[in-house]
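Here's the structure we're looking at; comments come further down.
Numbering (our numbering), first residue to last: 1 to 259.
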């Protein structure tokens, strides 16, 4: 038997299919830091999403969560594990949940606003506009696959980044944090002196980086996916010395705690 559970929030008609041993969550719930489907797109409502989350929270912990898709290739896990790891399932009042989502002020969906102008420009000149492959539109957090642009991107370990910081060897290095501004206030913090340009705005704001083109660039995000995409964009736009910090700020923060 299957139970059909109406779970609006990402869209008005979102639903979950609940079986005895699993739950198919669609875009209502993703895995781990992927969070859940965005609520700021047409048909979305953060208040309705909170109510849907409460329905899911009442289900048995042993159910295996299968979302509609996952951009990072995460393995399905139990609902009990998701209650511990998924940021959207953490205890919050309805008002706090709405504020938490609203304060994110997500920018990746800005690509949608540019589609008409980009199409018009490309119709006249195919090279007039370029949008990175797979810019995320439906996930709350950026969780792109590391092979998103089929481009080899050099990586740099956290230990080397920390060594450069501690030995004051950043004069010729730009640390580019491509997370959303709201993320910089979270527990993972931010590296002192880092420039912040969200990955969804990078091609639009590339002129801000032109004066640093001869420097080394180290791209940083939460766990490395968006930073990989940002590094690929920079390389494609002619920046020569670009590195993605392995593991992102999660690895950097972990290294801080284990010092």
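Don't be surprised by glycine CBs; every beta carbon is placed ideally from N, CA and C.
Tell me the rounded alpha-carbon separation between residue i and residue j.
{"i": "residue 91", "j": "residue 70", "result": "24 Å"}
{"i": "residue 177", "j": "residue 197", "result": "6 Å"}
{"i": "residue 13", "j": "residue 57", "result": "19 Å"}
{"i": "residue 179", "j": "residue 34", "result": "14 Å"}
{"i": "residue 163", "j": "residue 171", "result": "13 Å"}
{"i": "residue 55", "j": "residue 98", "result": "17 Å"}
{"i": "residue 3", "j": "residue 24", "result": "10 Å"}
{"i": "residue 50", "j": "residue 94", "result": "6 Å"}
{"i": "residue 221", "j": "residue 228", "result": "9 Å"}
{"i": "residue 245", "j": "residue 231", "result": "10 Å"}
{"i": "residue 88", "j": "residue 48", "result": "13 Å"}
{"i": "residue 139", "j": "residue 37", "result": "Since pLDDT at residue 139 reaches only 46, below the 50 mark, its modelled position is unreliable, and the value read off the structure follows with that caveat. Their backbone Cα atoms lie some 5 Å apart in a straight line."}
{"i": "residue 72", "j": "residue 169", "result": "33 Å"}
{"i": "residue 39", "j": "residue 30", "result": "13 Å"}
{"i": "residue 46", "j": "residue 167", "result": "45 Å"}
{"i": "residue 100", "j": "residue 41", "result": "16 Å"}
{"i": "residue 125", "j": "residue 240", "result": "The pLDDT assigned to residue 125 is 49, lower than 50, so where the model puts this residue is not dependable, and the model offers no usable value."}
{"i": "residue 165", "j": "residue 153", "result": "22 Å"}
{"i": "residue 181", "j": "residue 236", "result": "25 Å"}
{"i": "residue 173", "j": "residue 195", "result": "11 Å"}
{"i": "residue 15", "j": "residue 80", "result": "20 Å"}
{"i": "residue 17", "j": "residue 204", "result": "40 Å"}
{"i": "residue 84", "j": "residue 28", "result": "17 Å"}
{"i": "residue 96", "j": "residue 65", "result": "25 Å"}
{"i": "residue 86", "j": "residue 238", "result": "37 Å"}
Determine whether the beta carbon atoms of residue i and residue j lie at a separation below 8 Å.
{"i": "residue 44", "j": "residue 6", "result": "no"}
{"i": "residue 74", "j": "residue 21", "result": "no"}
{"i": "residue 225", "j": "residue 247", "result": "no"}
{"i": "residue 67", "j": "residue 26", "result": "yes"}
{"i": "residue 175", "j": "residue 200", "result": "no"}
{"i": "residue 190", "j": "residue 219", "result": "no"}
{"i": "residue 233", "j": "residue 209", "result": "no"}
{"i": "residue 78", "j": "residue 59", "result": "no"}
{"i": "residue 52", "j": "residue 1", "result": "no"}
Use the C-beta contact count for residue i: other C-beta atoms within 10 angstroms, 16 or more gives buried, fewer gives exposed.
{"i": "residue 141", "result": "Any reading at residue 141 must be qualified, since the residue scores a pLDDT of 45, below 50, and its modelled position is unreliable; the value itself is stated next. Burial call: buried."}
{"i": "residue 82", "result": "buried"}
{"i": "residue 103", "result": "exposed"}
{"i": "residue 61", "result": "exposed"}
{"i": "residue 19", "result": "exposed"}
{"i": "residue 207", "result": "exposed"}
Closer than 7 Å: is that where the CB of residue i sits relative to any heavy atom of the ligand FAD?
{"i": "residue 70", "result": "This structure simply doesn't include the ligand FAD, nor any ligand for that matter."}
Cβ pair count under 8 Å reaching 3, the segment 203–214 against the segment 180–189
no
Ignoring anything shorter than 3 residues, give me the beta strand (DSSP E) runs that lie fully in the segment 19–66, in order along the chain.
22–26
For the pair the segment 153–160 and the segment 237–254, tell me if three or more CB-CB distances fall below 8 Å.
yes
Please give me, in chain order, every unbroken run of the alpha helix (DSSP H) with length at least 4 that falls completely inside the segment 73–105.
79–85, 94–104
Ignoring anything shorter than 3 residues or poking outside the segment 207–252, list the beta strand (DSSP E) runs there in chain order.
216–220, 242–245
Counting only runs of 3+ residues fully inside the segment 153–200, write out the beta strand (DSSP E) ranges in chain order.
173–177
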